[in-house]
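Take 3 as the starting number for the sequence shown in the working numbering and just add one per residue.
Each residue gets a CB set at the ideal place from its N, CA and C atoms; glycine is no exception.
Notes follow once the structure below has been shown.
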Amino acid sequence: MRLPFRRASSPRPAPPPYGSARFARRFDRFRRFLDHRPVLDALERVAPLAGARVVELGAGTGVLTAPIARRARVVVAADRSPAMLALARRNLDARRLANVRLLLADHRRLPLAGGSADLVLSAFAFDGLVHDAPDDSWSLELDRAVREMLRLRAPGGAVAFVGTPLGRPNIGRRLEQTWGFRRRVFLVRWRFPSRRLARATVRLFFGRRVWLDYAPHWPRALVTFCGVWWVRPSSP
3 MRLPFRRASS
13 PRPAPPPYGS
23 ARFARRFDRF
33 RRFLDHRPVL
43 DALERVAPLA
53 GARVVELGAG
63 TGVLTAPIAR
73 RARVVVAADR
83 SPAMLALARR
93 NLDARRLANV
103 RLLLADHRRL
113 PLAGGSADLV
123 LSAFAFDGLV
133 HDAPDDSWSL
143 ELDRAVREML
153 RLRAPGGAVA
163 FVGTPLGRPN
173 IGRRLEQTWG
183 FRRRVFLVRW
193 RFPSRRLARA
203 TVRLFFGRRV
213 WLDYAPHWPR
223 ALVTFCGVWW
233 VRPSSP
């Protein structure tokens with residue numbers, strides 16, 4: 003029996019285009035061109051997933067949720083876009099993953115009990131939340147999210163962010179200097195079945211300049227830096 007979809011009270015709506023069904027379909031397709039195995043390996047080094055209670059924030063269409071759910075005991079996958087969650091439900095049902103509960107909410111306020119998760123995770127999601135904020139308030143939004151994630155962390159559990167270490171504003175630096183997060187950087191690979199899809203994906207996630215740099219090298223894999231930032235009571 004699958005876990006139910008739950009709606010948080012008065013969630014802040016996802017802005018266009020993120021909240022649209024069209025964007026959700028594109029996102030769902032394009033994210034599958036990323037090899038997530040290095041991400042999962044990095045998370046395992048932060049907090050073992052086997053038998054864990056995981057809260058994933060900004061889960062999108064469940065592309066990363068699915069492999070996490072195969073290892074974890076239970077996953078609460080939250081996103082602020084109903085269109086994203088609708089695709090996530092379809093994707094998870096197709097894989098017969100019944101240990102995932104979907105929740106319409108964002109990083110800053112979640113209707114979940116404190117201390118209820120062994121791993122609280124935000125992967126490739128927080129840039130969008132920060133970039134929605136005015137230039138002078140992104141750090142405040144980040145701090146609100148971190149406080150909420152720390153509230154959800156169980157004793158001995160971990161909070162982790164996954165994303166690019168090269169973005170602006172420098173979210174990673176804020177996590178390290180203000181909140182004491184540790185960082186590990188690794189490489190991930192994107193492989194595209196066609197030049198058209200390569201162009202659309204790279205421009206969406208990385209911008210026009212990266213596409214122009216990469217285009218002469220297609221169909222070789224696009225290799226990018228990725229980072230995991232984490233905090234727990236006793237970091238290695």
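One or two residues paired with G209 in a DSSP bridge: Answer is none; G209 lacks a bridge partner.
Whole alpha helix (DSSP H) elements within the stretch 159-211, 4-residue minimum: 173-181, 197-207
Alpha-carbon spacing of N172 relative to R153, whole angstroms: 23 Å
Whether A80 touches A61 by CB criterion (8 Å): yes
Nearest-angstrom beta carbon gap, V233 and G182 [assumed within contact, 8 Å]: 6 Å
Boundaries (first-last residue) of the beta strand (DSSP E) holding W80: The displayed chain sequence assigns Ala, not Trp, to residue 80. Its beta strand (DSSP E) spans residues 76-81.
Member of M151, S141, N93 whose CA lies at the smallest distance from the CA of G116: M151
T63, buried or exposed, once every other Cβ within 10 Å from all chains shown has been counted against 16: buried
Where P157 sits in the DSSP three-state scheme: strand
Test item: CB-CB of A74 and L99 under 8 Å: no
Cβ neighbour criterion (16 or more within 10 Å) applied to F227: exposed
Burial state of P120, where buried means 16 or more other Cβ atoms lie within 10 Å: The sequence shown places Asp at residue 120, rather than the Pro named in the question. Its Cβ being crowded by 16 or more others within 10 Å, D120 is buried.
Three-state secondary structure assigned by DSSP to T63: coil
8 Å contact criterion, which V230 and V77 should meet: CB distance rounded: Incorrect: roughly 18 Å between the Cβ atoms, too far for contact.
Status (buried if at least 16 other CB within 10 Å, exposed otherwise) for E58: buried
Spatially closest choice to A160 from S124, R27, L66, A90, by CA coordinates: S124
Continuous beta strand (DSSP E) stretch holding A115: start and end: Counting along the chain, A115 falls outside any beta strand (DSSP E), and DSSP gives it neither H nor E.
Enclosing alpha helix (DSSP H) for L89 [first to last residue]: 84-96
Secondary structure of F35, DSSP reduced to three states: coil
CA-to-CA distance, W192 to L36, given in whole angstroms: 4 Å
Distance between beta carbons of T67 and V102, contact taken as under 8 Å: 6 Å
Beta-carbon proximity list for L177, same chain, < 6 Å, skipping 5 on both sides: F183, W231
CB-CB length for L104 against L87, believed under 8 Å: 5 Å
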